[in-house]
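Q: First residue of the sequence shown? That's 27 in the working numbering, and the numbers climb one at a time after it.
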Amino acid sequence: MRITDTADLWYNNAVFYCLDVETYLDSTGSGSGDLHGVTQRIDYLAEIGVTCLWLMPFYPSPRRDNGYDISDMYGVDPRYGDHGDFVELIRVAHDRGMRVIVDLVINHTSDQHPWFKASRRSTDNPYRDYYVWRSDDPGDTSDHTMFPDEEDGIWTFDDRTEQWYLHHFLHTQPDLNTANPQVRDEISKLMGFWLQLGVDGFRVDAVPFAINQRTLVAVDEHEFEEPHDYLRALRGFLQRRASGQGAAIMLGEVNLPHQEQMTFFGGESGDQLTMQFDFFTNQRLFLALARQQAAPLEEALRSRPGGLRVESQFANFLRNHDELTLDLLQEDEQDEVLDAFAPEKEMRFAGRGLRRRLPGMFNGDPRRLKMAYSLLFTLPGTPVLFYGEEIGMAENLDVPGREAVRTPMQWTAGKNAGFSTAKPSQLSRAVTHGSFGPEHVNAAAARRDPDSMLHHITRLAKRYRESPELGWGDAVIIDTEVPEALVHMTTWEDRSMVLLHNLASEPTHVPLMLQEVRPGTELMDLLSDESYELDADHSTEVPMDGYGYRWLRVAAQGDHRLL
């Protein structure tokens, strides 16, 4: 593959970083973060090694669901600035070689959106068909809601028009009728608007719900001939509009098993979503961490579908902005993870997920934390960081629901964690306190500590970017008969790396047999000054500390990269 091709497919070895404008940095003293504050921290992100910034919703919103209940898809919430501030942020990020993607919410709007307000005026209003309505009682749908602690179903009765409207999430987030061609046209216009302002793509929210054919067919006159044609149309529009500014992407939220995710990539044609979060591997990873055995993660990696086009890529994450969901695990497996990492009820979300960050889950063990992030950067695919992970921020269980992991960024040990100069009572979110509070965990101190999580992740990002086989390569699990060790080899063109991770707290020795590598070849550890040589039997043995990790580059002849 030519260098120009790999540059066009930049996302295959990018480092993504997700942040919430509201909680990142307040530059005005209002108590809320803002776009100018994010712009002031672009150099900080560039130093870490971030190459793509993902901005969570900054649009006007009642913020009953962290901004995903949008009342104006074209706007900028005045609390965060204006379009001028947004364009300046894009310009500065691009100047530092950093791309920017924004959230595209195609499944629902806020109930305060002008479309929905108009749709409630009468059953024959032109905007009525922008949403999904039914006149008959839907019955009990409590098993289908995404918020079982807050909603008793996915249909809500509207007193004004005496019909029910659909909402898979909160009742203040009515679902859009994406089978309606007018709605699809509106979403295309929306994409075109933000692309014109310079964004490099979109993180697409709740994708399976947006093309839920079964729900729409049951109640609506419109019908998808083929639901996935809608995703194909969005991808085609994206490629046409972004053709002059490099490859733009659609990174989809698709919480499904691997084989079902293939459909959302577009199968062998790869003409739908560019990237997808790998929820299945994420959940199997936490099961492996709970058991301190590699088998669940190995199973997930082996189940990754083959035959993906080079334009398609999985995105890996340890923590996201929602709860850590476990719904792709069996019930007994969910119990294992919950018992290990969320033993108390207040640590759980709706009884099925974790509202915690990793430092709290791991009791602050730096060895285990550093091993986990080494895993993140070496899993086949592209790593995604959630703000604060790079310094070891933890959750605040005193705030409700998902907000526990959406606390203000901890910049310093000073007032309000350096996030804002406002009075603490005026902050939009409460700062974390206790053993993971800003007096103990903050970016300023981390920058000065060579052993900090910040320096660790910066180093991982640098080595990852220097190792294209990690983002581009094909991975093979290596069986070592050491149950606590995950060992995999990834190869791209003529370059290979062997990655070893000890998921257990006790040291071990991992025997390696690499028949495809000639005897005498050195395996150079990119994270230490250690190296190992394969003997005449193509084998060697690698000692591993408790929660240890190795990034071994196969030092093949003719490889001119620095080791």
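All residues carry an ideal CB built from backbone N, CA and C; glycine is no exception.
So for Asn38, helix, strand or coil by DSSP?
A: In the three-state reduction of the DSSP assignment, Asn38 falls in the helix class.
Q: Out of curiosity, what's the CA-to-CA distance linking Phe306 and Arg330?
A: Looking at the two C-alpha atoms, the distance is approximately 9 Å.
Q: Here's the rule I'm using: 16 or more other beta-carbon atoms within 10 Å means buried, otherwise exposed. How should Thr30 be labelled?
A: Since pLDDT at Thr30 reaches only 43, below the 50 mark, its modelled position is unreliable, and no value is offered.
Q: Take the Cβ of Pro545 as the centre, count every other Cβ of all protein chains shown within 10 Å, and call the residue buried at 16 or more, exposed below.
A: Here Pro545 is exposed: its Cβ has fewer than 16 other Cβ atoms, across all protein chains shown, within 10 Å.
Q: Measuring alpha carbon to alpha carbon, tell me which of Val126, Ala366 and Asp163 ends up nearest Gly379.
A: Ala366
Q: Contact check, Pro569 vs Asn39 under 8 Å by CB: the rounded distance?
A: Incorrect: roughly 30 Å between the Cβ atoms, too far for contact.
Q: State buried or exposed for Ala244, treating a residue as buried only when at least 16 other CB atoms are found within 10 Å of its CB.
A: Summary for Ala244: the model assigns pLDDT 48, below 50, so the residue's position carries little reliability; its value from the coordinates is reported in the next sentence. That one is exposed.
Q: Let me confirm a value: Asn442 is counted as buried when at least 16 other C-beta atoms fall within 10 Å, else exposed. Which label applies?
A: Result: buried.
Q: My parser needs the beta strand (DSSP E) runs of 3 or more residues fully inside the region 145-202; what are they?
A: 181-184 and 189-192
Q: Is it true that the region 495-506 meets the region 529-548, where meeting means three or more beta-carbon pairs spaced less than 8 Å apart?
A: yes
Q: Determine the direct distance from the alpha carbon of Val76 to that of Ser454, and round the result to whole angstroms.
A: 26 Å
Q: So, for Ser161: in the same chain, excluding its five sequence neighbours on each side, which residues have a beta-carbon less than 7 Å away from its beta-carbon?
A: Around Ser161: Gln189.
Q: For the region 296-313 against the region 321-336, do three or more pairs of beta-carbon atoms, one drawn from each stretch, fall closer than 8 Å, so that the two count as touching?
A: yes
Q: Measuring CB to CB, does Phe303 end up less than 8 Å from Phe343?
A: Cβ atoms of Phe303 and Phe343: closer than 8 Å.
Q: Give the straight-line distance between the Cα atoms of Ala268 and Val131, rounded to the nearest whole angstrom.
A: 19 Å
Q: For Tyr94, does the three-state DSSP call read helix, strand or coil?
A: Under the three-state reduction of DSSP, Tyr94 is assigned to coil, being neither helix nor strand.
Q: State yes or no: is the C-beta of Asp391 nearer than 7 Å to some heavy atom of the ligand NAP?
A: The ligand content of the structure shown is nil, which means the ligand NAP is not present either.
Q: Considering only residues of the region 443-491, which uninterrupted alpha helix (DSSP H) runs meet the minimum length of 4 residues and lie entirely inside it, listed in chain order?
A: 469-474 and 479-491
Q: Would you tell me roughly how many angstroms separate the C-alpha atoms of Asp551 and Val524, rounded to the nearest one?
A: 9 Å
Q: Leaving out five residues before and five after Trp498 in sequence, what residues of the same chain have Cβ atoms less than 7 Å from its Cβ?
A: Asn38, Asn39 and Trp518
Q: Using three-state DSSP, classify Glu349 as helix, strand or coil.
A: coil
Q: Decide if Leu223 is buried, meaning its Cβ has at least 16 other Cβ atoms within 10 Å, or exposed.
A: exposed
Q: So Ala236 packs on Asn133, CB below 8 Å; how close in whole Å?
A: That belief holds up - the Cβ atoms of Ala236 and Asn133 are roughly 4 Å apart, short of 8 Å.
Q: With DSSP run on the structure shown, which of helix, strand or coil describes His62?
A: Secondary structure of His62 (DSSP, three-state): helix.
Q: What do you get for Ile74, buried or exposed, if any count of 16 or more other CB atoms within 10 angstroms of its CB means buried?
A: Under this definition Ile74 is a buried residue.
Q: Please tell me whether Met82 and Leu216 are closer than 8 Å, where the distance is taken between their beta carbons.
A: For Met82 and Leu216, no; Cβs fall outside 8 Å.
Q: Applying the 10 Å Cβ sphere with the 16-neighbour rule, what's the burial state of His527?
A: So His527 counts as buried.
Q: What's the C-alpha gap between Ser148 and Asp500?
A: 56 Å
Q: Could you please give the first and the last residue of the uninterrupted beta strand (DSSP E) stretch that includes Gln302?
A: Here the beta strand (DSSP E) through Gln302 covers Met301 to Phe303.
Q: Considering only residues of the region 513-566, which uninterrupted beta strand (DSSP E) runs meet the minimum length of 3 residues and lie entirely inside it, listed in chain order?
A: Listed in chain order, they are 521-528, 534-539, 548-551 and 557-559.
Q: Under DSSP, the beta strand (DSSP E) around Gln339 begins and ends at which residues?
A: Gln339 to Phe343
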